[in-house]
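As you go down the protein sequences, you meet chains A and B in turn.
Numbering follows the numbering used here, with no gaps: position 132 of the first sequence is 132.
Numbering follows the numbering used here, with no gaps: position 133 of the second sequence is 133.
Reviewing the structure listed below.
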Amino acid sequence: MPTQLLRLRVNGRHEEVAAPTHWTLLELLRYRLDLIGSKQGCDKGDCGACTVQIDGRPVLACLTLAAKAETREVTTVEGLGFMGGAEGCHPLQDAFDRWDAAQCGFCTPGILMSAEALIRRLGRPVTRDEVRDALAGNLCRCTGYTKILDAIVDASERIHDAGEAASA
Amino acid sequence: MKNFSLLRPRSLDEARKALVDGAPKAAPRGAGLDILDHLKEGLPAPDALVELRRIEGETGLSLRAATAGADGLELGALSTLSQLAESPILSGPYAALAEAAGQAATPSIRNMATLGGNLLQRPRCWYYRDRELVCLKKGGDLCLAISGDNRYHAILGGGPAFYVHPSSLATPAMALDARVRIHGESPREMPLDELFVGPAEDPSREHRLAPGEVLTHLILPTPEAGARSAYFALREKQSHDWPLVEAAVALRLEGGTIRHARIVLGHVAPLPWRASEAEAKLVGQKPSVELFARTAELALAPARPMTGNAYKVPAARGALRHALHRASGLELPA
Ligand SMILES: Cc1cc2nc3c(=O)[nH]c(=O)nc-3n(C[C@H](O)[C@H](O)[C@H](O)COP(=O)(O)OP(=O)(O)OC[C@H]3O[C@@H](n4cnc5c(N)ncnc54)[C@H](O)[C@@H]3O)c2cc1C
Ligand code: FES
Ligand code: FES
């Protein structure tokens, strides 16, 4: 099987990995780098469970060739704790815990990565409608979304307040 | 997933060479979303992917950029749908294209999918997408939608195959009179509607790019003053789905009178469907609720629904009325 040597940054770490040329980024993350937070749900773009960020934008790892991530900055749910949260826990993760926003949890990593990008892009507390739009590609079979929306709005408010307090 | 090799040319000429050398089993890759689907699902798929994203220099930049040129707006084939949806250039007369780009698929897919790949993606017909079935598109002798479940199939212009054209961007692009620029043996341009091939001409393909040709730009001609456009799609769910029906309208008004009209319906026919007769009836008229309702009747008059998709006729009429009202600024009565 033809393999390639790929250089990419994953969660701030430089990685050099050999993988078959036809592997997706999701396969590379899960089966070479042991980053199994990103889930392989439908494997065809329908569910969003594999959502990661490339250069800060949410994309589907199941439909991204690993080769395409070369020289780019990949962030997975495992890297979320390094993105501005205290002690390795991002305010979004904390809010999901407080609001019981995860049941089986399969959709959670993808949702967190979509939500983080939204909050960072807007740079202010987000509305429920904005969250609905941003999560339009993330399916959840368990929660009915209500608590997910609550948690994300809450986290965005806390992130904003913390930012205000820090700059005051 | 089927294996393949990945080639990374640095220039369009290198890409062309790789594609010609590998023909017919080499294909250009935009984001590769539809190609990966074919590879994973065991559908007819290339052995070699020719990466367009590594093309360098000014050409590389222009493949991702939206620039206002002498002939109009030039949109690079590698622009993502998110880029198009958010582009400040695509407002006013070009709004229909940004609206379609912003509603297609899901946010993360829009962050990946390219303009060129969207226009050239293969149909979503579930008989075509089933690896076990050999339909007309895959060399069989019959379109399986005829006697099958055809709820998402064509009501206009179908036959001998009844799939619908999958691209949400083709519909507004055709309403905006778009042209495509192609890098091939010699560079050429053609109107977008001439790029597409219907099933009566050749059921095995949807476009007439020759092996080795790369679509580099979509060109939207500079509209005259008073031009505006709008897009409207109806979906089963608000996201994730391809539209059931969609409509794009480009109008130019002068002193309250319509001077130019172009109507294109999507997901109703194997090609983006131009409603020329209905367009002609708009010219010289003033926008009104009655006029737009009549236009929608006329546009759908030739419809021949199949056993399971008669709902698409009123749905397309409704989508068209929405688009006409939005484009003209006339409120749609409740
Ligand atoms: C859940 C889901 C929902 C979706 N909903 C919609 C929707 O509502 N509307 C819609 O329009 N689409 C929808 N899509 C489809 C999606 O938009 C397309 O798959 C995507 O646009 C393809 O773009 P790409 O860049 O990945 O193309 P690729 O997969 O890279 O290419 C597609 C085809 O075009 C060829 N190609 C690509 N670029 C060029 C070029 N520059 N020159 C010559 N040939 C080229 C390739 O060889 C291939 O044959 C949906 C997809 C999913 C998974
Ligand atoms: S696993 Fe990627 S979208 Fe479902
Ligand atoms: S918590 Fe189970 S799918 Fe969302």
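The C-beta atom is built at its ideal place from N, Cα and C for all residues, glycine as well.
Using 8 Å as the threshold, is the C-beta distance between residue i and residue j below it?
i, j, result
"asparagine 111/B", "proline 109/A", "no"
"alanine 323/B", "alanine 230/B", "yes"
"serine 114/A", "glycine 48/A", "yes"
"alanine 96/B", "alanine 275/B", "no"
"histidine 153/B", "methionine 306/B", "yes"
"valine 197/B", "arginine 188/B", "no"
"proline 160/B", "alanine 100/B", "no"
"valine 214/B", "leucine 61/B", "no"
"isoleucine 258/B", "alanine 299/B", "no"
"leucine 139/A", "valine 126/A", "no"
"asparagine 11/A", "phenylalanine 82/A", "yes"
"leucine 6/B", "glutamate 51/B", "yes"
"aspartate 31/B", "alanine 48/B", "First, the residue type needs correcting, since residue 31/B is alanine and not aspartate in the sequence shown. No, they are not a contact pair."
"aspartate 251/B", "serine 328/B", "Contrary to the premise, residue 251/B reads as leucine rather than aspartate in this sequence. For leucine 251/B and serine 328/B, yes; Cβs fall inside 8 Å."
"threonine 64/A", "leucine 25/A", "yes"
"valine 268/B", "alanine 301/B", "no"
Consider the C-beta atom of residue i and the heavy atoms of ligand 3; say whether any pair is separated by less than 7 Å.
i, result
"cysteine 42/A", "no"
"cysteine 143/B", "no"
"glycine 329/B", "no"
"alanine 350/B", "One cannot answer for residue 350/B here, as it falls past the ends of chain B, which runs 1 to 334."
"alanine 102/A", "yes"
Does residue i come out as helix, strand or coil in the three-state DSSP assignment?
i, result
"glutamine 93/A", "helix"
"tyrosine 231/B", "strand"
"leucine 291/B", "helix"
"proline 93/B", "helix"
"proline 302/B", "coil"
"phenylalanine 4/B", "coil"
"glutamine 103/B", "helix"
"valine 245/B", "strand"
"arginine 317/B", "helix"
"glutamate 157/A", "helix"
"arginine 124/B", "coil"
"histidine 322/B", "helix"
"alanine 101/A", "coil"
"glutamine 83/B", "helix"
"glycine 30/B", "coil"
"threonine 64/A", "coil"
"phenylalanine 178/A", "With chain A covering only 1 through 168, there is no way to say anything about residue 178/A."
Using CA coordinates, which residue listed in the options is at the minimum distance from residue i?
i, options, result
"lysine 286/B", "Glu254/B, Val268/B, Pro305/B", "Glu254/B"
"alanine 98/B", "Leu75/B, Asp34/B, His240/B", "Leu75/B"
"arginine 121/A", "Leu63/A, Ile159/A, Thr64/A", "Ile159/A"
"leucine 78/B", "Arg228/B, Ala269/B, Gly158/B, Ala66/B", "Ala66/B"
"leucine 73/B", "Pro93/B, Glu86/B, Cys125/B, Gly30/B", "Pro93/B"
"arginine 53/B", "Asp21/B, Tyr127/B, Ala15/B", "Ala15/B"
"alanine 85/B", "Leu169/B, Gly308/B, Glu194/B, Ala278/B", "Leu169/B"
"glycine 41/A", "Arg32/A, Asp34/A, Glu27/A", "Glu27/A"
"isoleucine 109/B", "Val52/A, Glu116/A, Thr3/A, Gly88/A", "Val52/A"
"threonine 106/B", "Pro243/B, Leu265/B, Lys312/B, Ala278/B", "Pro243/B"
"glycine 69/B", "Pro221/B, Arg304/B, Ala18/B, Tyr128/B", "Pro221/B"
"leucine 271/B", "Ala261/B, Glu194/B, Lys281/B", "Glu194/B"
"leucine 218/B", "Pro211/B, Leu176/B, Lys312/B", "Leu176/B"
"glycine 102/B", "Phe232/B, Ser186/B, Ile146/B, Pro44/B", "Phe232/B"
"aspartate 100/A", "Cys89/A, Gly79/A, Arg141/A, Thr146/A", "Thr146/A"
Can you find a heavy atom of ligand 4 that lies under 7 Å from the Cβ of residue i?
i, result
"alanine 115/A", "No copy of ligand 4 appears in this structure; the ligands present are ligand 1, ligand 2 and ligand 3."
Is any heavy atom in ligand 2 found nearer than 7 Å to the beta carbon of residue i?
i, result
"alanine 299/B", "no"
"glycine 56/A", "no"
"alanine 49/A", "yes"
"cysteine 62/A", "yes"
"glycine 102/B", "no"
"glycine 37/A", "no"
"glycine 60/B", "no"
Give a single yes or no on whether residue i has its beta carbon closer than 7 Å to a heavy atom of ligand 1.
i, result
"histidine 90/A", "no"
"proline 166/B", "yes"
"tryptophan 126/B", "no"
"threonine 71/A", "no"
"threonine 75/A", "no"
"histidine 240/B", "yes"
"proline 88/B", "no"
"proline 172/B", "no"
"valine 153/A", "no"
"valine 214/B", "yes"
"glycine 116/B", "yes"
*Given 8 Å as the limit, is there contact between the region 146 to 166 of chain A and the region 112 to 121 of chain B, that is, 3 or more CB pairs closer than that?*
Short answer: they don't touch.
_Inter-stretch contact (C-beta, 8 Å, three-pair minimum) for the region 97 to 111 of chain A and the region 11 to 25 of chain A_ = Taking a contact to require three or more Cβ pairs closer than 8 Å, the region 97 to 111 of chain A and the region 11 to 25 of chain A do not qualify as touching.
*asked:* For the structure I just gave you, are there three or more beta carbon pairs, one from the region 80 to 94 of chain B and one from the region 141 to 158 of chain B, closer than 8 Å?
replied: Taking 8 Å as the limit for Cβ pairs, the verdict is that the region 141 to 158 of chain B does not touch the region 80 to 94 of chain B.
*Determine contact between the region 121 to 136 of chain A and the region 62 to 82 of chain A, defined as no fewer than three beta-carbon pairs at a distance below 8 Å.*
Not touching, per the Cβ criterion.
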